[in-house]
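> Please read through the structure below; I'll follow up with questions.
Numbering (this note's numbering), first residue to last: 15 to 375.
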């Protein structure tokens with residue numbers, strides 16, 4: 015037996031599942047329901063709850079359809095799973111696009127009428143809305159695993175070994191319903207990512223058919239489009255490193271993503287987090303154009319192969335003016351990482367910022 019029960023959306027306590035104009039954004043059915051909300055909207059005003067990956071994409075799509083969007087977040091800043099530098103840049107993008115960001119969501123109340131949410135109440139101000147979309151994350155769909163009395167992990171996912179066997183050896187599990195080993199921390203983590211689910215499905219299927227395939231510890235590698243910008247994150251964020259008391263150093267930089275003279279040239283921001291003693295990369299964040307996906311993949315390969323951050327300066331990067339820059343962002347970050355050690359600063363947090371090149375929107 016293979017369990018591939020996926021994930022389920024996290025509910026917003028204040029919003030009953032019986033409300034007829036509230037929907038999560040996960041399935042095709044949800045999209046069809048939201049399209050109906052859009053076609054029936056009279057005030058062209060909508061509330062998106064949650065400013066993570068899906069919440070930001072939903073806010074952008076509705077903004078482009080001409081809706082006045084109120085983006086609600088429990089934390090003080092948008093995109094709370096990212097580093098502060100990214101959060102600040104994302105807030106600037108939202109402001110530029112006139113998306114109303116409302117942080118510290120405990121201050122937001124809701125008004126209801128005839129099984130619908132009809133308004134937000136913020137510090138005494140009432141804002142009427144047509145509908146609401148909840149984008150508050152996912153949790154493992156573990157109800158069947160509980161019934162089968164399988165071992166469940168810290169995040170609610172099914173516990174599996176590296177062959178994706180559960181605590182009952184004849185039952186395998188894969189996808190968004192399981193917890194797997196994080197390559198950086200070497201402890202179980204929850205990664206509801208399509209790329210990993212695809213890999214796990216192959217491994218679980220092979221082993222259930224008497225094969226002998228193994229799942230290696232995984233690295234989080236995820237990206238999202240935010241209007242004209244792209245964000246990518248790989249490995250751990252700085253907040254995660256701090257929460258786990260992992261000593262680390264930091265380098266960051268903003269450079270052109272193409273040769274400056276090209277009109278298509280824009281700025282791309284990058285930040286590398288690495289171990290103080292071994293120089294091994296622990297995580298990275300990028301915000302810029304489509305190139306950030308490739309940067310994240312390179313960093314993922316560096317992490318998986320335990321290559322130190324300093325070697326980024328010694329990698330041969332492709333260069334042709336219409337496609338890639340002569341001075342690659344990763345090369346700059348690698349030189350800065352090497353410089354931090356050559357100056358004997360390996361025992362301190364080291365952060366380099368190009369103060370002469372602000373990130374422009």
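We treat Cβ as the ideally placed atom computed from N, Cα and C, and that holds for glycine.
1. Are at least three pairs of beta-carbons, each pair with one atom in the stretch 147-158 and one in the stretch 16-29, less than 8 Å apart?
2. Rounded to a whole number of angstroms, what is the C-alpha to C-alpha distance between residue 18 and residue 43?
3. What's the C-alpha gap between residue 38 and residue 317?
4. Strictly by DSSP, which residues pair up with residue 125?
5. I'd like the list of long-range same chain contacts for residue 235, defined as Cβ closer than 6 Å, with 5 residues on each side in sequence excluded.
6. Between the C-alpha atoms of residue 170 and residue 153, what's the straight-line distance to the nearest angstrom?
7. When we look at the beta-carbon of residue 261 and count the other beta-carbons within 10 Å, is it buried (16 or more) or exposed?
8. Return yes when at least one heavy atom of the ligand SAM lies under 7 Å from the C-beta of residue 248, else no.
9. Alpha carbon to alpha carbon, what distance is there between residue 114 and residue 144?
10. Per DSSP, what kind of secondary structure is residue 45 in: helix, strand or coil?
11. Just verifying my parser: in three-state terms, what is the DSSP assignment at residue 245?
12. Is the stretch 265-274 touching the stretch 226-240, taking contact as three or more C-beta pairs under 8 Å?
13. Do you know whose CA, among 108, 54, 211, 61, lies nearest residue 29's CA?
14. Among 31, 81, 70, 67, which has the Cα closest to the Cα of residue 54?
15. Could you spell out where the alpha helix (DSSP H) holding residue 313 opens and where it closes?
16. Take every Cβ of the stretch 320-327, pair it with every Cβ of the stretch 345-355, and state whether three or more of those distances are shorter than 8 Å.
17. Who pairs with residue 61 in a beta bridge, going by DSSP?
18. Return helix, strand or coil for residue 268, following the three-state DSSP convention.
19. What are the complete beta strand (DSSP E) segments, minimum 3 residues, inside the stretch 142-196?
20. Which residue's Cα is closest to the Cα of residue 88: 277, 162, 121, 159?
21. Quick one, which of 178, 253, 254, 183 has its alpha-carbon nearest residue 228's?
22. Using DSSP with H/G/I as helix, E/B as strand and the rest coil, what is residue 283?
23. Between the stretch 87-103 and the stretch 58-74, are three or more C-beta pairs nearer than 8 Å?
24. Does the beta-carbon of residue 225 have 16 or more other beta-carbons within 10 angstroms, so that it is buried, or is it exposed?
25. Find out if the Cβ-Cβ distance for the pair residue 237, residue 306 is shorter than 8 Å.
26. Going along the chain, which residues of its own chain have a beta-carbon closer than 6 Å to the beta-carbon of residue 365, five neighbours each way excluded?
27. Could you check if residue 27 is buried or exposed, using at least 16 other CB atoms within 10 Å of its CB as the buried criterion?
28. Tell me the rounded alpha-carbon separation between residue 288 and residue 253.
29. Which residues in the same chain as residue 99 place their Cβ atom closer than 8 Å to its Cβ, once the five residues preceding and following it in sequence are excluded?
30. Kindly give me the distance between the Cβ atoms of residue 198 and residue 296, rounded to whole angstroms, as I take these residues to be in contact under 8 Å.
31. Have a look at residue 142 and residue 108 and give me their C-alpha separation to the nearest angstrom.
32. When you compare each of 210, 183, 45 to residue 193 by their alpha carbons, which one comes out closest?
33. Between residue 164 and residue 181, which are expected to be in contact by the criterion C-beta below 8 Å, what is the C-beta distance as a whole number of angstroms?
34. For the candidate residues 172, 187, 217, whose alpha-carbon lies nearest to that of residue 203?
35. What residues in its chain sit with their C-beta under 8 Å from that of residue 273, if we drop five residues either side in the sequence?
36. Give me the Cα-Cα distance between residue 369 and residue 275, rounded to the nearest whole angstrom.
Let me spell this out:
1. Look at the beta carbons and you see the stretch 147-158 touching the stretch 16-29: at least three pairs across the two are nearer than 8 Å.
2. 20 Å
3. 34 Å
4. 133
5. Counting only Cβ-Cβ distances below 6 Å, and skipping sequence neighbours, we find 248, 310, 314.
6. 7 Å
7. Residue 261 comes out exposed.
8. This structure lacks the ligand SAM, and indeed carries no ligand of any kind.
9. 16 Å
10. helix
11. strand
12. no
13. 61
14. 81
15. From DSSP, the alpha helix (DSSP H) with residue 313 extends over 305-318.
16. Taking a contact to require three or more Cβ pairs closer than 8 Å, the stretch 320-327 and the stretch 345-355 qualify as touching.
17. 84, 146
18. strand
19. Runs of the beta strand (DSSP E) inside the stretch 142-196: 145-148, 152-154, 192-195.
20. 121
21. 178
22. strand
23. yes
24. So residue 225 ends up on the exposed side.
25. Cβ distance < 8 Å, so residue 237 and residue 306 count as in contact.
26. Bear in mind that the predicted position of residue 365 carries a pLDDT of just 40, short of 50, making it unreliable; the figure below should be weighed with that in mind. Excluding sequence neighbours, residue 365 sits near 264.
27. It is exposed - the Cβ of residue 27 has fewer than 16 other Cβ atoms within 10 Å.
28. 13 Å
29. The residues are 266, 283, 285, 299.
30. 6 Å
31. 21 Å
32. Comparing Cα positions, the closest option is 210.
33. 5 Å
34. 172
35. 279, 335, 339, 340
36. Because the pLDDT at residue 369 is just 36, under 50, the model does not fix this residue reliably, and the point stays unresolved.
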